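First comes the structure, then the notes that go with it.
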Amino acid sequence: MEQKKYWQSFGELTNSAAHQKSAQDEFKEELPFDGFDARGLEQAGTPRRDFLKYVGFSTAAAAIAASCEIPIKKAVPFVNRPAEIIPGIADYYATTYVAGGDAIPVLARVRDGRPIKIEGNDRSSWSKGGTTAQVQASVLDLYDTARLRFPAANGKEVSTFEAFDKMVAEAIAGLGGAPLVILSSTINSPSGRQVISEFLAKYPGSRHVQYDAVSFSGMLQANEATYGKRAIPSYDFAKAKVIVSLGADFLATWLNPVEFQHGYTQGRKINPANPTMSKHYQFEGMMSMTGANADERFTHRPSETGAVAAGILAALNGQAVNVSGDKLKKGIAKAAADLAANKGAALVVSGSNDVNVQVLVNAINEAIGANGTTINWANPLLNKSGVDSEMAALVNEIGNGSVGGLIVIDANPVYTYFDGEKLAAALPKLKLSVALSEKLDETAKLCKYVLPVNHYLESWGDAEMKSGYVSLLQPTIAPLFKTRQWQESLLKWSGNTTGYHDYHKAFWSARLNGDSNYLAALQDGVIEPGASLALSTASFNAAPVAAAVAASAAPAKKGSVTDKTADVEVVLYQKAGIADGRHANNPWLQEMPDPITRATWDNYVMMSPSLGKKLLKIDIAVDTQADKYDAFPKKPVVNLKVGSKKAVTLPVLIIPGMQEETVAVAVGYGRSEEFGKASAGVGQNVYQLAALNGATVSYVTAGQVEATDATYPIATTQTHGKYEGRHEVVKEVTLASFQKDPRQIIEARAKELAPWGGLEHYEKDGTIYPVFDKPGIKWGMSIDMNSCYGCGACVVACTAENNVAVVGKPEVLRAHDMHWLRIDRYFSGNPHDPESIQTVFQPMLCQHCDNAPCENVCPVAATNHSSEGLNQMTYNRCIGTRYCANNCPYKVRRFNWADYTGADSFKHNQDIFDENPAVLMMNDDLTRMVLNPDVTVRSRGVIEKCSFCVQRLQEGKLQAKKENRPLTDKDVKTACQQACAADAIVFGNVNNSESAISKTRKENELRLFYVLEQIHVMPNVSYLAKVRNTDHISEHEAEEAKEGKAEAAKPAAEHH
Amino acid sequence: MSNCAACHAVLKDGTGPALFGVEERVTDKKLLHDWIRNNQAVLATGNKYFNDLYVARNKTPMNPFPNLTDAEIEAILKYVQDEGVRQQAAAAAPAAGAGAAQAVSEDSSLLYGILTLILAVIVFTLLTVNANLKKLADEKEGVPSFEPVPVWRNKAYIALFAVVLFIIGGYYTIQGAIGLGRSQNYQPEQPIYYSHKVHAGTNQISCLYCHGGAQDGKHANIPSLNVCMNCHMQITEYTGEKLFREDGTEVNGTEEIKKIYEHTGWDPGQKKYANAPKPIEWVKIHNLPDHVYFSHAQHVNAGRVACQTCHGNIQEMGEVKQFADLSMGWCINCHRETKVQFTDNKFYSIYEKFHEELKNGKVDSVTVEMIGGTECQKCHY
């Protein structure tokens, strides 16, 4: 097998001094020995006498506390128990996660009246039970302390809804016929649309404008021009053998990542008998998560997207390709050749919001026969319908006073619109402004009337993410606060006396022929077309293409880089976690490390190493400079200027794979105080850096970066665990080499293990310990690295299921993060050559080793092994020595440095965190309602780690016992497995040869490997090697040169 | 049988009529069987006897039992007949020799204590005598003697005393510390004097009729009040033998029943829920620490453990008392000894090794411990 150098940080790449030092220590901080040695015990901070005082006091205190009477607990049964509720047993209600136009069918797990966990609904034929990080985290938004608790007018509480309705009705009457506008995010709820149209009918002259925070207007308009439909078709990535993405982050944030991940993964699964896979090209300026997963990735300036699209079209037509750069030219030729060779099984997508680019993409798709094969017009995606020109017109009208009243539903344009300032100035002048919002966000703050709306888990409703595929919402809890659904409000204001629940019921009963069908649909959560709809094409109008080609010529390269400033192109992107910023106050999402940068709690300027070298004088290939940059959390700060007026000051993260003159900044940060304590003061808002480019908002602009002397700490997690120089943590081959020599991985393993019994007898012969029996069940997990795209849904699902604490930025900075499951990101290649960068994602969790190093070193046997193969952690036995964490080769054990979830139990308990309330995010009774009662809430001083969701295993086994049958795969699913839209994780009983896990391991024997197998810890988590559909696994050119140095460093690495 | 006993008694009227003599009242066997299986169908046929009965009982419907076979129904009817005759005979010959056999098991530790004390005094006296004799002998022989050290300043005695005190004190301190947070024999006074003896003992109501959660989930659950009202809509007064609290005061059963009506808002005069309900705040007796995940379903449903194993003779308790100390040692001991429903429950078919050993006669049963029932994460996670 090819040897390849993987690195998680630049220090690791250069094997710098700081890297070597940090690899030696398990815990970053020095132990507080307090100068023992120098001054002797008498002068120590805690001398012997003090120590004895403390011992005496705490013994006395414990004795007094313990001699108190046991508190009397009350048990209060129902007066009249509903038949379906059995206290202590979770109920699942089918509902739908709704955020703007995005709607994912889900099941809400409700424990004793509280929704505590969201799972995907596998009855949906397109989501197939998949979720995203936002979906998983959304349950915490229900218990957000910053939610509005009552309706307000001019900032004062209105006591009843009736009084509020009266005020609004009077205000509408007082408009005197001036137009009333409903401004909302995309509404694809069939009944909601009807409610709006009834409202509009009641008030002539009123209209409805839809607005998406991140616009897809370019696509809508291009499709209107070329296909005559202002719509977005659905894409079938499963059928595509060749996928070309022009900057579309379709695995993370673009349109419908749940469906796309599931489709994409079909082409990435390797059939062991006949290994083939789809080929994915990515052309982009920034390093996106989707780009990181591409087989071949080519970078270009973002303004060249049109030129690249035109180039591909030209290449397909056999014409000359007009782009700068040889690599890019070759890439285009290669991609075009592959597309042409796979007509009818190819797909091109683009994340650009430029109409011309999208027209060209349509033309390419037409040329490669995608229309009607991989692109389906039968059931268009309905989650984005905002058109930028309509919004721009509305903002102008509000500005010049020609709009009388504005009702804002679930939209926050003051924050998300590029010209939010203008809107903010004009809003207070409106005669009537009503915000129907969950929170006092930037827009609601400026509205006269604010009516809080229900969280989706408190609402009735419906959504049609994909035309024909409806999913329903039902409340899973009564509204926590004095809130009302917007549909109900609009019904009231349009004079309809029916409540929305009855309206909803009547609406769907009529369409489904009867109440019983309605109830059945509510139970299923989804209404699907009987047979899957036939594929449909749309007729293509090639007229606009010529103009689009003409408009697509790339602007001349501007840029100059001086000592202090550099001309760059700025890309505004959405992160996989925070996305458009709607969920910015969700601490689970804030703490989820970004897939590429592995940073938490901030946005920043992503910059290429080349630009970093020129502008910031940091050459990451030089180890001392790499250390200066990445051994410390403090990062250099730059001023990012766009035009003459707009500027933000942000820290820089140097990310390999970025195009040299491109910088990228994530939207969704820099929220107002009122939005909540987790998001306040985190990052900067960069929506205003976007610009209206003709008819559409462009998220790519030209700008200038200016270096400053300031620094700012960023909490990145990638370097928190280290493998201490042990290699072969990830395994990777190219498709061609795998086809040629499919046994290479297994043979390499066999060779390595040969001296200790080989593959067959390694467990027994590789150790002097006895091998213990696993009668009955032995749990095992298999993770397919070919299907892990790094999106983080599993990380948040694990956090929600297992009561994993939120620790906040100051704690992450100290490497005190608590995630049981992390997704490691490895780069390989030459950091100064973006095309050579290849990325690998590897989910890493407790491997439940059968010969676990952590178990041997625990002095109190708090961690030990079960006969089912679980590495058990018993919190109430743990005394916090942390020997286990120190001895874990995978670095998956986490220590509770503070009482993150119960610090409010007495006053001044955790005063040191006062400055950053996010550390103690979960410390109030409302937020704690989200905790899973089936999992112990850990307190200060104990170690914790992945338990394979043992509470679910116990529940699954009990279910099988109750039903008097053997365990099946359906009984047990870990939270991470359930959340994954790409089916990367398989879990089950290895002792059962019919289980999915046994079959997966057997069938994929040739790709199977265990991380650090050579140290004989016998992990129960197996991985399937990544297969890359490229010609070569890139090699770091500098590697050979460094070889000598690496050798020299080796003894040191081996030593510890 | 517990199905019937929820509403019917043999000789007394409950929610349903007394069953004794039912075969004389309804001579048509088939009709009776049909009625027991599906009473609503019989009512629908317009049978006069049953319709009159239905009206007389305020149209409270009887649960259908479609799964009962003819043989089972016959067995029930036979039991009713025999039990009725027995109970009548027992009532005729009133409690003659009740309470005769009070086992006399006197505590003998006091006796041992006194014996130990006497022996200790004898030892002390002998030691003193010995010392005095030695002193006399020494004086006689002219050996110079030292001034005797009094007992309270004798280092040997002090050391001995300290060691004994340390051992005894240490023992009780440790026992006390282990017992912290445990509350065996806890028997709080409840808002309603609810007697398990009357319900589960005398009236033979199945535990699961009220604590159905024990079959399904973690909690056995205190029944919701509508379950109480299933019977107490009809049973408005207590006429059984006298009830006494622990402190000896008598309980007025009828008054206690009225408390349910107060809480449910039921007006027995109007026979409807007339007032606002208010839940009952029972005092929780069995408390486990937060880090223990105990599942009733696992024990009652899968393990077929009798309620009494952990809760004691609940059918003989007036107000409930905590029977076991609910300590981890107590749990573990039981897990070591208890045999799993190994061959009955198909779940355990995956333990091929143990099935093999059972077949070979290598082991005669499989205990909970053998399949991992004493591992930490079976209860702590």
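Those sequence lines, one after another, are chains Z and D.
Position 126 (the first sequence) corresponds to 126 in this note's numbering; numbering is contiguous.
Position 228 (the second sequence) corresponds to 228 in this note's numbering; numbering is contiguous.
We treat Cβ as the ideally placed atom computed from N, Cα and C, and that holds for glycine.
Source: prediction; values computed, not measured.
Problem - Z:Gln1062, DSSP secondary structure in three states - result: Outside the displayed range of chain Z (1 to 1056) lies residue 1062 of chain Z, so it cannot be described from this structure.
Handout entry: Per DSSP, cross-strand counterpart(s) of Z:Glu119
Key = Here residue 119 of chain Z corresponds to residue number 119 of the first sequence, with the count starting at 1. Answer is Z:Leu107, bridged to Z:Glu119.
Practice task
Would you check if the distance between the CB atom of Z:Asp462 and the CB atom of Z:Val470 is smaller than 7 Å?
Solution key: By 1-based counting over the first sequence, the position of residue 462 of chain Z is 462. By 1-based counting over the first sequence, the position of residue 470 of chain Z is 470. For Z:Asp462 and Z:Val470, yes; Cβs fall inside 7 Å.
Practice task
Would you give the residue range spanned by the beta strand (DSSP E) that Z:Gln210 belongs to?
Solution key: What you label residue 210 of chain Z is simply residue 210 of the first sequence in a count that begins at 1. Run containing Z:Gln210: 207–210, per the beta strand (DSSP E) assignment.
Practice task
Give the residues of chain D in contact with Z:Glu868, contact being defined as C-beta atoms less than 7 Å apart.
Solution key: Mapped onto the first sequence, residue 868 of chain Z falls at position 868. Correct list: Gly372.
Handout entry: chain Z contact residues for D:Ser365, given Cβ-Cβ distances below 8 Å
Key = Here residue 365 of chain D refers to the residue found at position 365 of the second sequence. Among the residues of chain Z, none has a CB under 8 Å from the CB of D:Ser365; the nearest is roughly 15 Å distant.
Practice task
Taking the CB atoms as reference points, tell me whether Z:Asn15 and Z:Gly101 lie closer together than 7 Å.
Solution key: To locate residue 15 of chain Z, count along the first sequence from 1; it is residue 15. To locate residue 101 of chain Z, count along the first sequence from 1; it is residue 101. Not closer than 7 Å, so no.
Problem - Classification of D:Ile169 by the beta-carbon crowding that lies within 10 angstroms, buried from 16 upward - result: Position 169 of the second sequence, counted from the first residue, corresponds to residue 169 of chain D. Inspection of the sequence shows that residue 169 of chain D is occupied by Gly rather than by Ile. Flag for D:Gly169 reads exposed.
Handout entry: In DSSP terms, what D:Lys272 is bridged to
Key = In the second sequence, residue 272 of chain D corresponds to position 272, counting from 1. Beta-bridge partners assigned by DSSP to D:Lys272: D:Asp267.
Exercise for the section: Quick one: give me the first and last residue of the beta strand (DSSP E) that Z:Lys466 is part of. Expected result: Taking the first sequence and counting its residues from 1, the one referred to as residue 466 of chain Z is at position 466. That run of the beta strand (DSSP E) goes 461–466.
Handout entry: Contact under 7 Å by Cβ, Z:Ala424 with Z:Leu406
Key = Sequence index remark: in the first sequence, residue 424 of chain Z carries index 424 (1-based). Sequence index remark: in the first sequence, residue 406 of chain Z carries index 406 (1-based). Going by C-beta atoms, Z:Ala424 is not nearer than 7 Å to Z:Leu406.
Handout entry: Close-in-space but distant-in-sequence residues of the same chain around D:Gly97 (CB under 6 Å, 5 per side omitted)
Key = Working through the second sequence from its first residue, we reach residue 97 of chain D at position 97. Low confidence applies here, because D:Gly97 scores a pLDDT of 41, under 50, leaving its location unreliable and the question unanswered by this model.
Handout entry: Where the beta strand (DSSP E) containing Z:Arg822 begins and where it ends
Key = Looking up residue 822 of chain Z in the first sequence gives position 822. Taken as a continuous stretch (DSSP letters only), the beta strand (DSSP E) holding Z:Arg822 covers 822–828.
Practice task
Output the residue ranges of the beta strand (DSSP E) runs that lie fully inside the segment 771–809 of chain Z and measure 3 residues or longer, sorted by chain position.
Solution key: Correct list: 779–784.
Exercise for the section: Starting from the beta carbon of Z:Ser947, find every residue of chain D whose beta carbon is closer than 9 Å, and list them in chain order. Expected result: Against the first sequence, residue 947 of chain Z aligns to sequence position 947. Here the neighbours are Gln377, Tyr381.
Exercise for the section: Determine the chain D residues that contact Z:Arg965 at a beta-carbon separation under 7 Å, and present them in chain order. Expected result: Here residue 965 of chain Z refers to the residue found at position 965 when the first sequence is read from its first residue. Within 7 Å Cβ-Cβ: Lys346, Phe347.
Exercise for the section: Taking all protein chains shown into account, decide if D:Glu375 is buried (16 or more other Cβ within 10 angstroms of its Cβ) or exposed. Expected result: Within the second sequence, the letter at position 375 stands for residue 375 of chain D. With 16 or more other Cβ atoms from the protein chains shown falling within 10 Å of its own Cβ, D:Glu375 counts as buried.
Practice task
Could you work out which residue in D:Leu111, D:Gln234, D:Asp247, D:Asn275 is closest to D:Ile257 when comparing CA atoms only?
Solution key: Position 257 of the second sequence, counting from 1, holds the residue named residue 257 of chain D. That would be D:Gln234, whose Cα lies nearest to the Cα of D:Ile257.
Practice task
Can you check the segment 41–74 of chain D for any alpha helix (DSSP H) of at least 4 residues that lies completely inside it and give the ranges in chain order?
Solution key: For the segment 41–74 of chain D, whole alpha helix (DSSP H) runs of length 4 or above, ordered along the chain, are 48–56.
Problem - Rounded straight-line distance, which links the Cα of Z:Ala173 to that of Z:Lys575 - result: The sequence position of residue 575 of chain Z within the first sequence is 575, counting from 1. The sequence position of residue 173 of chain Z within the first sequence is 173, counting from 1. Taking the straight line from one Cα to the other gives about 43 Å.
Practice task
Could you tell me whether the Cβ atoms of Z:Gly758 and Z:Ala750 are closer together than 7 Å?
Solution key: Taking the first sequence and counting its residues from 1, one reaches residue 758 of chain Z at position 758. Taking the first sequence and counting its residues from 1, one reaches residue 750 of chain Z at position 750. Pairing Z:Gly758 with Z:Ala750 gives a Cβ-Cβ distance under 7 Å.
Handout entry: First through last residue of the alpha helix (DSSP H) which encompasses Z:Phe161
Key = For the purposes of this step, residue 161 of chain Z is taken as the residue at position 161 of the first sequence. That run of the alpha helix (DSSP H) goes 161–173.
Exercise for the section: Give a yes or no on contact between the segment 833–846 of chain Z and the segment 956–970 of chain Z, applying the rule of three or more CB pairs nearer than 8 Å. Expected result: Because the criterion of three Cβ pairs below 8 Å is not met, the segment 833–846 of chain Z and the segment 956–970 of chain Z do not touch.
Practice task
Using a Cβ cut-off of 7 Å (strictly closer), state whether Z:Lys961 contacts chain D.
Solution key: Position 961 of the first sequence, counted from the start, is the residue given in the question as residue 961 of chain Z. Yes, because at least one Cβ of chain D sits closer than 7 Å to the Cβ of Z:Lys961.
Exercise for the section: Please report the Cβ distance between Z:Met1018 and Z:Met658, rounded to the nearest whole angstrom; I am assuming they are in contact, meaning their Cβ atoms lie under 8 Å. Expected result: Translated into the one-based positions of the first sequence, residue 1018 of chain Z becomes position 1018. Translated into the one-based positions of the first sequence, residue 658 of chain Z becomes position 658. With a Cβ gap of about 41 Å, Z:Met1018 and Z:Met658 do not count as contacting.
Practice task
With a 10 Å radius around its C-beta and 16 neighbouring C-beta atoms as the bar for buried, classify Z:His908 as buried or exposed.
Solution key: Looking up residue 908 of chain Z in the first sequence gives position 908. Burial is judged here by how many other beta carbons sit within 10 angstroms of a residue's own beta carbon; Z:His908 has fewer than 16 and is exposed.
Handout entry: Runs of alpha helix (DSSP H) wholly within the segment 531–585 of chain Z (minimum 4 residues, chain order)
Key = The qualifying runs are 543–551.
Handout entry: Buried versus exposed, by CB contacts within 10 Å (16 or more), D:Ala100
Key = Within the second sequence, residue 100 of chain D is the residue found at index 100, counting from 1. Residue confidence for D:Ala100 is low, a pLDDT of 39 falling below 50, so the modelled location carries little weight and cannot support an answer.
Handout entry: Rounded C-alpha distance that separates D:Val104 from D:Leu111
Key = Residue 104 of chain D sits at position 104 when you count from the first residue of the second sequence. Residue 111 of chain D sits at position 111 when you count from the first residue of the second sequence. Legend: pLDDT at D:Val104 = 45, less than 50; position of this residue unreliable, value from coordinates given subsequently. Roughly 16 Å separates the two Cα atoms.
Problem - Opening and closing residue of the beta strand (DSSP E) in which Z:Met922 lies - result: Here residue 922 of chain Z refers to the residue found at position 922 when the first sequence is read from its first residue. First-last for Z:Met922: undefined, no H or E at that position.
Problem - Counted within 10 angstroms of its Cβ, other Cβ atoms place Z:Met219 as buried (16 or more) or exposed - result: Walking along the first sequence from the start, residue 219 of chain Z turns up at place 219. Buried, because 16 or more other Cβ atoms sit within 10 Å of the Cβ of Z:Met219.
Practice task
Pull up the DSSP beta-bridge partners for Z:Ile407, would you.
Solution key: Indexing the first sequence from 1 puts residue 407 of chain Z at position 407. Answer is Z:Ile182, Z:Val434.
Practice task
For the alpha helix (DSSP H) holding Z:Arg511, just list the boundary residues, first then last.
Solution key: Looking up residue 511 of chain Z in the first sequence gives position 511. Looking at the DSSP string, the run of the alpha helix (DSSP H) that includes Z:Arg511 is 500–512.
Practice task
Grab me the residues of Z:Gly291's own chain with a C-beta within less than 6 Å of its C-beta, minus the 5 sequence neighbours each way, in chain order.
Solution key: Position 291 of the first sequence holds residue 291 of chain Z. Excluding positions up to five away in sequence, the list reads Gln282, Glu284, Arg297.
Handout entry: Stretch-stretch touch, CB-based, cutoff 8 Å, three pairs: the segment 500–519 of chain Z with the segment 116–134 of chain Z
Key = Between the segment 500–519 of chain Z and the segment 116–134 of chain Z there are fewer than three C-beta pairs closer than 8 Å, too few to call the two in contact.
Exercise for the section: Starting from D:Thr264, find everything on chain C with Cβ-Cβ shorter than 7 Å and list it in chain order. Expected result: The chain inventory of the structure shown lacks chain C, comprising the protein chains Z and D.
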